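Notes to accompany the following structure.
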Amino acid sequence: MSPFKGQTGLKRILNAASYSLDGLRAAFLGEAAFRQLALLNCVLIPSAFLLDVSRGERALMVAVCLLALIVELLNSAIEAAIDRISLERHPLSKNAKDMGSAAQFVALGMIAVVWAVILLG
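Count along the sequence shown starting at 1, add 1, and that's the number in this note's numbering.
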């Protein structure tokens, strides 16, 4: 068992929330792509509430925006872990980073497709 898994109950929940906020702070301060995506979400999410769409469509529009933030957090985590292991160029490191980038590309494409289908459909 991991020595980092000692907390239970409310203390564990508070610790987890603190770690999550630390992660959001690190992403916002250290990752330009995360800041850009956060800014895009600051425009898109309120816009979803101003548009004349159904509740389901609005929920989907907001969900895909938040999903792209999640993907960017995971992509940044992959990049940080790879860089922690070694800054040396290696084909497997490149593949891992490229796949994380591809995941974000797909997530951004999903935003575009969902918004286009709802607004133009």
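We treat Cβ as the ideally placed atom computed from N, Cα and C, and that holds for glycine.
For clarity, every value in this text was computed on a predicted model and none was experimentally measured.
_I need the DSSP call for Glu80, collapsed to helix, strand or coil._
The three-state secondary structure of Glu80, taken from DSSP, is helix.
*Environment of Glu89 [buried if 16+ CB atoms lie within 10 Å]*: That one is exposed.
*In chain order, what residues of the same chain have a beta carbon less than 8 Å from the beta carbon of Ser102, not counting five sequence neighbours either side?*
Cβ-Cβ distances below 8 Å link Ser102 to Asn76 in the same chain, with the five nearest sequence neighbours on each side left out; the list follows chain order.
*What did DSSP end up calling Asp53 once you bin it into helix, strand or coil?*
Looking at Asp53 - three-state DSSP - the assignment turns out to be coil, as it is neither helix nor strand.
*Report the three-state DSSP secondary structure of Leu67 (helix, strand or coil).*
Three-state result, Leu67: helix.
*Do Ala108 and Ala69 have their CB atoms nearer than 7 Å?*
A contact, by the Cβ cut-off of 7 Å.
*State the DSSP-derived secondary structure class of Arg90, mapped to helix, strand or coil.*
DSSP, read as helix, strand or coil, puts Arg90 in coil.
*With 16 as the cutoff for other CB atoms within 10 Å, does Cys43 come out buried or exposed?*
With fewer than 16 neighbouring CB atoms inside 10 Å of its own CB, Cys43 falls in the exposed class.
*Simplified DSSP state of Glu32, which is helix, strand or coil*: DSSP places Glu32 in coil when its eight states are reduced to three.
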